[in-house]
Amino acid sequence: MWRRVTSLSPVISTSKPTSLDQAALGFKIWRSSFSTETPTLVKDGPTSFKERNLFITFVLGGPGSGKGTQCQKIVETFGFKHLSAGELLRREIESNSEQWSQMLNTIKEGRIVPSEVTVKLIQQEMESSDSNKFLIDGFPRTEENRIAFEKFTGLEPNVVLFFDCPEEEMVKRVLNRNEGRVDDNIDTVKKRLKVFEILNLPVIDYYSKRGKLHKINAVGTEDEIFEKVRPIFSACAGK
Ligand SMILES: Nc1ncnc2c1ncn2[C@@H]1O[C@H](COP(=O)(O)OP(=O)(O)O)[C@@H](O)[C@H]1O
Ligand SMILES: O=c1ccn([C@@H]2O[C@H](COP(=O)(O)OP(=O)(O)O)[C@@H](O)[C@H]2O)c(=O)[nH]1
Ligand SMILES: [Mg+2]
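-6 is the number of the first residue of the sequence shown in our numbering; add one for each residue after it.
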């Protein structure tokens, strides 16, 4: 629906907008001005998530387990929109948003930012994207995150990936990451691993019990690991 309205916009934008065009620009009733079919009410603002028939994948795993790396391969191969919750938060911090100092300290301590902050950022990205397939990377990190996402978006994930990696391998990768992050140091990564174990594993357990979890051994080369990821989405693509 939303795409069809915008596909009409060249017609609207080339002629001097009449009151009917104004209404169409408001995306209230648009079809009656162009065809005899019954008018379709198009809601103001983005089509609701429910009507967009989205495909949601959560990508979970400890710090350095390879979530971002594998997300890039999934994007290149299957065309998802990649939303890294951590990247969205870092972008907010760089933009000096009013909560930035609070969030910066939370991240420096390896703790989890309040759910409504993260869910709002993810929701905004989904609303403004014309993709219907999302890889939500590094979220939800807690049961509270999970519940907040479902409450605010009305959505549940179709697939949950869990990259299972030994702690010593995760520490090694994070310390070699060289992205200049405030939380990629030995003290913070130890805290993040503790947070992962206490708060994120229950989320992984929740989705495992609901048959949505794909646990992938995250040791090996990036390509070897992706070859274990590929069949998951090839199967979905066929649907
Ligand atoms: N299979 C792998 N083997 C070795 N290093 C890896 C592998 N996958 C990712 N890395 C590297 O480890 C670091 C963490 O990977 P990343 O994808 O950022 O993990 P996460 O998003 O889970 O923290 C990056 O420097 C990345 O290049
Ligand atoms: O939903 C989220 C995702 C990330 N973070 C914070 O952002 C940091 C970095 O997250 P990211 O996923 O980028 O780290 P990675 O696992 O990729 O190293 C985490 O340690 C948390 O402090 C958060 O609070 N909520
Ligand atoms: Mg990451």
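Backbone N, C-alpha and C define an ideal beta-carbon position, used for all residues, glycine too.
Residues that DSSP places opposite residue i in a beta bridge
{"i": "LYS126", "result": "PHE48"}
{"i": "ASP157", "result": "ASN210"}
{"i": "VAL152", "result": "THR50"}
{"i": "LYS165", "result": "Bridge partners of LYS165: none, in fact."}
{"i": "LEU194", "result": "Bridge partners of LEU194: none, in fact."}
{"i": "LYS74", "result": "PHE127"}
Local Cβ density within 10 Å of residue i, reported as buried at 16 or more and exposed below that
{"i": "SER233", "result": "In this structure the chain extends from -6 to 232, so residue 233 is not present and cannot be described."}
{"i": "LEU81", "result": "buried"}
{"i": "GLN95", "result": "exposed"}
{"i": "THR111", "result": "buried"}
{"i": "VAL175", "result": "exposed"}
{"i": "ARG139", "result": "buried"}
{"i": "SER121", "result": "exposed"}
{"i": "LEU194", "result": "exposed"}
{"i": "GLY213", "result": "exposed"}
{"i": "ASN169", "result": "exposed"}
{"i": "GLN15", "result": "Annotation note: pLDDT 38 at GLN15 (below 50); position unreliable, coordinate value reported separately. Exposed: under 16 other Cβ atoms inside 10 Å."}
Whether residue i touches residue j by CB criterion (8 Å)
{"i": "HIS207", "j": "VAL153", "result": "yes"}
{"i": "PHE48", "j": "LYS126", "result": "yes"}
{"i": "VAL196", "j": "ILE67", "result": "no"}
{"i": "GLU143", "j": "LEU114", "result": "no"}
{"i": "GLN116", "j": "PHE73", "result": "no"}
{"i": "MET163", "j": "GLY57", "result": "yes"}
{"i": "GLU137", "j": "SER108", "result": "yes"}
{"i": "LEU148", "j": "THR50", "result": "no"}
{"i": "ILE218", "j": "GLY59", "result": "yes"}
{"i": "MET119", "j": "PHE42", "result": "yes"}
Nearest-angstrom beta carbon gap, residue j and residue i [assumed within contact, 8 Å]
{"i": "ALA211", "j": "GLY54", "result": "6 Å"}
{"i": "ARG134", "j": "LEU186", "result": "No, ARG134 and LEU186 are not in contact; Cβ-Cβ is about 13 Å, not under 8 Å."}
{"i": "PHE156", "j": "GLN65", "result": "Wrong, their Cβ atoms sit about 13 Å apart, outside the cutoff."}
{"i": "VAL188", "j": "GLY131", "result": "With 8 Å as the limit, VAL188 and GLY131 do not qualify as a contact, their Cβ atoms being about 12 Å apart."}
{"i": "LYS205", "j": "PRO159", "result": "Not a contact, Cβ separation roughly 24 Å."}
{"i": "VAL167", "j": "ASP180", "result": "The Cβ separation is near 12 Å, so there is no contact."}
Short CB-CB distance (under 8 Å) between residue i and chain B
{"i": "LEU154", "result": "Looking for chain B here will not work: only one protein chain is present."}
Mind listing, in chain order, the residues whose beta carbon lies closer than 7 Å to a non-hydrogen atom of ligand 5?
-> This structure lacks ligand 5; its bound ligands are ligand 1, ligand 2 and ligand 3.
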